[in-house]
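Quick note on the UniProt record's numbering: the sequence shown kicks off at 1 and runs consecutively. Shown next, in structure tokens, is the structure this report addresses.
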Amino acid sequence: MSATSINIQFTLNGERVSAEVEPHHTILDVLRQQFALYGARESCGQGLCGCCTVIVNGESVSGCLYLAAMADGGEVSTIENLDANGELDPVQQAFIECGAFQCGFCTSGFILMSRQLLDRNPDPSEAEIRNFLSGNLCRCAAYPEIIEAVKLAAQMRKSKATVAVVAA
1 MSATSINIQF TLNGERVSAE VEPHHTILDV LRQQFALYGA RESCGQGLCG
51 CCTVIVNGES VSGCLYLAAM ADGGEVSTIE NLDANGELDP VQQAFIECGA
101 FQCGFCTSGF ILMSRQLLDR NPDPSEAEIR NFLSGNLCRC AAYPEIIEAV
151 KLAAQMRKSK ATVAVVAA
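Quick look at the structure:
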């Protein structure tokens with residue numbers, strides 16, 4: 001610990017944690033170096049590609065730019081937190097079924113953003129999907145499959161919600 005480091009505490013994927021950070025450390029640095037969470041990846045280092053997307057206090061952020069100290073007292077969610085009891089989130093399942101990835105480098109950012117879109121708008125149009133995901137870049141050009149995956153995930157979530165209502 002250096003003279004400039006501070007201790008921060010936050011909830012990470014549902015668990016209260018603490019970390020020693022320097023003022024220049026990003027949340028991406030902390031997630032990867034102190035918690036061995038590698039789903040978010042740095043690619044552009046400028047917040048332009050979406051590979052480093054994490055959710056902080058319910059909002060997507062570019063982990064390569066978001067200073068870790070700003071997460072103090074907050075809640076951070078990563079791609080590693082999406083499955084529930086070993087069951088994939090519908091967005092994850094849809095990405096697999098549609099083959100919405102090739103190299104996988106950008107996939108976690110696309111999945112987190114797609115999930116956030118569907119939380120806000122359960123039935124987005126193709127134009128709305130494209131607009132919401134426009135900050136994420138896929139260097140393999142799997143865009144048509146990604147759009148189809150989001151549409152499928154919306155259908156899967158509707159079906160799951162219908163089953164839950166009928167069961168109740």
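Where is the CB? At the ideal position from N, CA and C, for every residue including glycine. This one's a predicted model, so the numbers in the text were calculated from it and none came from an experiment.
Endpoints, beta strand (DSSP E) assigned at residue 170: Outside the modelled stretch of the chain, which goes from 1 to 168, sits residue 170, for which no answer is possible.
My assumption, with CB atoms under 8 Å, is that serine 60 sits in contact with leucine 112. Please give the rounded CB distance. For this step, residue 60 is matched to residue 60 along the sequence shown. For this step, residue 112 is matched to residue 112 along the sequence shown. Indeed they touch by this definition, with Cβ atoms about 6 Å apart.
Is the CB-CB distance between threonine 53 and alanine 40 below 9 Å? Here residue 53 corresponds to residue number 53 of the sequence shown, with the count starting at 1. Here residue 40 corresponds to residue number 40 of the sequence shown, with the count starting at 1. For threonine 53 and alanine 40, yes; Cβs fall inside 9 Å.
For glutamate 75, which of Val17, Ile6 and Ala142 has the nearest alpha-carbon? Here residue 75 refers to the residue found at position 75 of the sequence shown. With distances taken between Cα atoms, glutamate 75 lies closest to Val17.
Is the beta carbon of isoleucine 146 closer than 9 Å to that of phenylalanine 110? The sequence position of residue 110 within the sequence shown is 110, counting from 1. The sequence position of residue 146 within the sequence shown is 146, counting from 1. Yes, the pair counts as a contact, with Cβ atoms nearer than the cut-off.
CB-CB under 6 Å to cysteine 140, same chain, minus the five flanking residues each way: which ones, in chain order? Here residue 140 is taken as the residue at index 140 of the sequence shown, counted from 1. Excluding positions up to five away in sequence, the list reads Gln102 and Cys103.
Reference arginine 130; option with closest CA among Gly99, Leu28 and Tyr143: As a first step, residue 130 must be located in the sequence shown, where it is residue number 130. The option with the nearest alpha carbon to arginine 130 is Tyr143.
Environment of proline 23 [buried if 16+ CB atoms lie within 10 Å]: One-based indexing of the sequence shown puts residue 23 at position 23. Label assigned to proline 23: exposed.
Take the Cβ of proline 122 as the centre, count every other Cβ of all protein chains shown within 10 Å, and call the residue buried at 16 or more, exposed below. Start at 1 with the first residue of the sequence shown, and residue 122 comes out as number 122. With fewer than 16 Cβ atoms within 10 Å of its Cβ, proline 122 is classed as exposed.
How would you write the range of the beta strand (DSSP E) that arginine 16 sits in, first residue to last? Numbered from its first residue, the sequence shown carries residue 16 at position 16. Its beta strand (DSSP E) spans residues 15-21.
Extent of the continuous alpha helix (DSSP H) to which serine 114 belongs: Counting from 1 along the sequence shown, the entry for residue 114 is found at position 114. Looking at the DSSP string, the run of the alpha helix (DSSP H) that includes serine 114 is 107-120.
Run of the alpha helix (DSSP H) containing glutamine 9, from where it starts to where it stops: Here residue 9 is taken as the residue at index 9 of the sequence shown, counted from 1. For glutamine 9, no alpha helix (DSSP H) encloses it; the enclosing beta strand (DSSP E) starts and ends at 6-12.
CA-CA distance, leucine 152 and glycine 45? The residue labelled residue 152 in the question sits at position 152 within the sequence shown. The residue labelled residue 45 in the question sits at position 45 within the sequence shown. Cα-Cα distance, rounded: 31 Å.
Do residue 169 and alanine 149 have their CB atoms nearer than 9 Å? Past the edges of the chain, shown from 1 to 168, lies residue 169, and the structure says nothing about it.
Endpoints, the beta strand (DSSP E) within which glutamate 59 is located: In the sequence shown, the residue the question calls residue 59 occupies position 59. Boundaries of the beta strand (DSSP E) around glutamate 59: 59-62.
Below 8 Å on the Cβ atoms is my guess for leucine 133 versus serine 114; work out the distance and round it to an integer in Å. What you label residue 133 is simply residue 133 of the sequence shown in a count that begins at 1. What you label residue 114 is simply residue 114 of the sequence shown in a count that begins at 1. Confirmed, Cβ separation roughly 7 Å.
If glycine 73 sits next to glutamine 9, beta carbons under 8 Å apart, how far is it from one beta carbon to the other, in whole angstroms? Locating residue 73 in the sequence shown gives position 73, counting from the first residue. Locating residue 9 in the sequence shown gives position 9, counting from the first residue. Yes, glycine 73 and glutamine 9 are in contact; Cβ-Cβ is about 7 Å, under 8 Å.
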